[in-house]
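To start, the structure under review is shown below, and the notes come after it.
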Amino acid sequence: MNIFRFAGDMTHLISILILLLKIYATKSCAGISLKTQELYALVFLTRYLDLFTDYVSLYNTVMKIVFIASSLAIVWCMRRHPLVRRSYDKDLDTFRHQYVVLACFVLALLLNEKFTIQEVFWAFSIYLEAVAILPQLVLLQRSGNVDNLTGQYVLFLGAYRGLYIINWIYRYFTEDHFTRWIACVSGLVQTGLYADFFYYYYLSWKTNTKLKLPA
Amino acid sequence: KTTKGVKDEL
Numbered sequence: 016m017n018i019f020r021f022a023g024d025m026t027h028l029i030s031i032l033i034l035l036l037k038i039y040a041t042k043s044c045a046g047i048s049l050k051t052q053e054l055y056a057l058v059f060l061t062r063y064l065d066l067f068t069d070y071v072s073l074y075n076t077v078m079k080i081v082f083i084a085s086s087l088a089i090v091w092c093m094r095r096h097p098l099v100r101r102s103y104d105k106d107l108d109t110f111r112h113q114y115v116v117l118a119c120f121v122l123a124l125l126l127n128e129k130f131t132i133q134e135v136f137w138a139f140s141i142y143l144e145a146v147a148i149l150p151q152l153v154l155l156q157r158s159g160n161v162d163n164l165t166g167q168y169v170l171f172l173g174a175y176r177g178l179y180i181i182n183w184i185y186r187y188f189t190e191d192h193f194t195r196w197i198a199c200v201s202g203l204v205q206t207g208l209y210a211d212f213f214y215y216y217y218l219s220w221k222t223n224t225k226l227k228l229p230a
Numbered sequence: 014k015t016t017k018g019v020k021d022e023l
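In order, the protein sequences belong to chains A and B. Each step along the first sequence adds one to the number in our numbering, with nothing skipped, and position 93 is 108. Each step along the second sequence adds one to the number in our numbering, with nothing skipped, and position 3 is 16.
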C-alpha cells in the first residue's frame with residue numbers, strides 16, 4: 016500500500032461522506048443523479064464479490080464494507096426516505112443508464128483476465144465505474160448550475176481517480192508483478208471524463224463565478 | 014508482493 020493509493024481511497028471516502036452529509040443535513044438530493052448512485056452501488060456489489068473469499072487485509076475488508084453500505088444508504092435515501100425522495104429531479108435525471116450497464120457487461124464478457132464469474136463481474140465493475148459518473152455530469156449540465164457540495168463531490172471523485180493513476184505508475188516502477196491493465200486503461204478513460212468537468216470547475220473558481228456547464 | 018491477478022486494491 017503506497018501513500019497515493021491510501022490518499023486515493025481517503026478522497027473516495029470523503030466524496031461519499033460529502034454526499035451523505037449533504038443529503039442528511041439538507042434532507043434534499045436536488046442536483047444528485049440517482050442513476051449514478053445506483054451505478055456506484057452496482058460497481059461495489061459486483062467488484063467485492065470476493066469480500067468473504069479472498070482476505071487481503073483488514074483495511075481492504077473494512078473499506079469494501081463501508082463503500083457497499085454507504086452507496087446502498089444513498090440509494091435507499093433517494094428512493095425511500097419520505098423527505099429526500101421529494102427533491103429528486105426525476106425529469107432531469109434521464110440518462111438511459113441501462114444501456115451503459117449492458118454495454119459494460121458485454122465488454123466484460125469479451126475483455127477479462129479470466130473467464131470466471133468473479134473475474135467477469137470484476138471487469139464489469141471496472142468498466143461500469145468508468146462511466147458511472149455520466150448521468151451525474153449530464154444532470155449537472157441539464158440543471159445548469161452546480162451547487163458547491165455536488166461540485167465538491169465530483170471534485171473529490173476526480174481526485175480519487177487521479178491519485179489511483181499515480182498509484183499505478185508508482186507500483187509499475189516499484190513492483191515486478193504489477194499487471195492490472197484492465198483497471199489502468201479503464202481508470203484513464205474515467206479520469207478523462209472528469210477532465211472537462213475539472214476545466215469548467217477551475218474556470219468558475221478562477222473567475223469567481225457560479226460553475227456553469229455548457230448545455 | 015502481490016502475485017499477478019490478486020485484487021489488492023479497492
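We treat Cβ as the ideally placed atom computed from N, Cα and C, and that holds for glycine.
Whole angstroms are fine: how far does the CA of residue j sit from the CA of residue i?
i, j, result
"I197 (chain A)", "S140 (chain A)", "11 Å"
"T222 (chain A)", "N163 (chain A)", "15 Å"
"V200 (chain A)", "K227 (chain A)", "30 Å"
"T41 (chain A)", "F193 (chain A)", "44 Å"
"M16 (chain A)", "L64 (chain A)", "21 Å"
"T26 (chain A)", "A174 (chain A)", "7 Å"
"Y114 (chain A)", "F120 (chain A)", "10 Å"
"R101 (chain A)", "P229 (chain A)", "27 Å"
"Y74 (chain A)", "F19 (chain A)", "15 Å"
"E22 (chain B)", "D108 (chain A)", "31 Å"
"T15 (chain B)", "N182 (chain A)", "Summary for T15 (chain B): the model assigns pLDDT 43, below 50, so the residue's position carries little reliability, and this model does not support an answer."
"G207 (chain A)", "L178 (chain A)", "13 Å"
"K20 (chain B)", "L98 (chain A)", "39 Å"
"T224 (chain A)", "I148 (chain A)", "24 Å"
"V90 (chain A)", "T165 (chain A)", "16 Å"
"H112 (chain A)", "S219 (chain A)", "29 Å"
"I180 (chain A)", "G202 (chain A)", "7 Å"
"L66 (chain A)", "C44 (chain A)", "30 Å"
"Y70 (chain A)", "F212 (chain A)", "36 Å"
"L35 (chain A)", "S85 (chain A)", "8 Å"
"D236 (chain A)", "Q133 (chain A)", "Outside the displayed range of chain A (16 to 230) lies residue 236 (chain A), so it cannot be described from this structure."
"D106 (chain A)", "E190 (chain A)", "48 Å"
"Y217 (chain A)", "T76 (chain A)", "35 Å"
"G23 (chain A)", "A88 (chain A)", "22 Å"
Pull up the CB-CB distance for residue i and residue j, whole angstroms please, since I reckon it's below 8 Å.
i, j, result
"L124 (chain A)", "V135 (chain A)", "6 Å"
"Y209 (chain A)", "R176 (chain A)", "7 Å"
"L143 (chain A)", "L57 (chain A)", "6 Å"
"I29 (chain A)", "F171 (chain A)", "5 Å"
"A145 (chain A)", "V81 (chain A)", "Not quite, the Cβ-Cβ distance comes to about 21 Å (not below 8 Å), so this is no contact."
"R195 (chain A)", "W137 (chain A)", "So it is not a contact: roughly 10 Å between Cβ atoms."
"M78 (chain A)", "Q52 (chain A)", "The pair is not a contact, with the Cβ atoms about 18 Å apart (cut-off 8 Å)."
So the alpha helix (DSSP H) residue i belongs to, where does it begin and stop?
i, result
"V200 (chain A)", "196-221"
"G159 (chain A)", "No alpha helix (DSSP H) contains G159 (chain A), which DSSP labels as neither H nor E."
"A123 (chain A)", "112-125"
"M16 (chain A)", "Element bounds for M16 (chain A): n/a, residue is neither H nor E."
"S48 (chain A)", "Here S48 (chain A) belongs to no alpha helix (DSSP H), and DSSP marks it neither H nor E."
"E134 (chain A)", "132-146"
"T76 (chain A)", "73-95"
Are there any heavy atoms of the ligand NAD lying less than 7 Å away from the beta-carbon of residue i, as far as the coordinates show?
i, result
"A45 (chain A)", "Absence of the ligand NAD from the depicted structure is noted, as is the absence of any ligand whatsoever, leaving it without description."
Using a beta-carbon distance below 8 Å, is residue i in contact with chain D?
i, result
"D104 (chain A)", "No chain D appears in the structure shown, which is made up of the protein chains A and B."
Query raised in the report: Mind listing which residues of the segment 127-138 of chain A have their C-beta closer than 7 Å to chain B's C-betas, in chain order?
Result: Residues E128, W137.
Report task. Assess, as a yes-or-no matter, whether the segment 176-186 of chain A is touched by the segment 125-134 of chain A under the definition of 3 or more beta carbon pairs within less than 8 Å. Result -> Using a C-beta cut-off of 8 Å, the segment 125-134 of chain A makes no contact with the segment 176-186 of chain A, since fewer than three inter-stretch Cβ pairs fall below that distance.
Query raised in the report: Is the segment 43-60 of chain A in contact with the segment 154-162 of chain A, if contact means three or more CB pairs nearer than 8 Å?
Result: In short, these stretches touch, since the Cβ pair count reaches three.
Query raised in the report: In the segment 157-189 of chain A, which residues sit with their C-beta less than 7 Å from some C-beta in chain B, listed in chain order?
Result: Cβ contacts with chain B: none found.
**Report entry** Where the segment 79-96 of chain A meets chain B: residues whose CB sits under 9 Å from a CB there
**Finding:** Cβ proximity to chain B below 9 Å picks out K79, F82 from the segment 79-96 of chain A.
Query raised in the report: What are the residues of the segment 17-28 of chain A that lie near chain B, defined by any Cβ-Cβ distance shorter than 9 Å?
Result: Within the segment 17-28 of chain A, the qualifying residues are R20, G23, D24, H27.
Requested in this report: Can you give me, in chain order, the residues of the segment 198-226 of chain A that have a beta carbon less than 9 Å from any beta carbon in chain B?
Outcome: Correct list: A198.
Query raised in the report: Which of the residues in the segment 111-122 of chain A, read from start to end, lie with their CB under 8 Å from any CB of chain B?
Result: Residues of the segment 111-122 of chain A that bring their beta carbon within less than 8 Å of a beta carbon in chain B are absent altogether.
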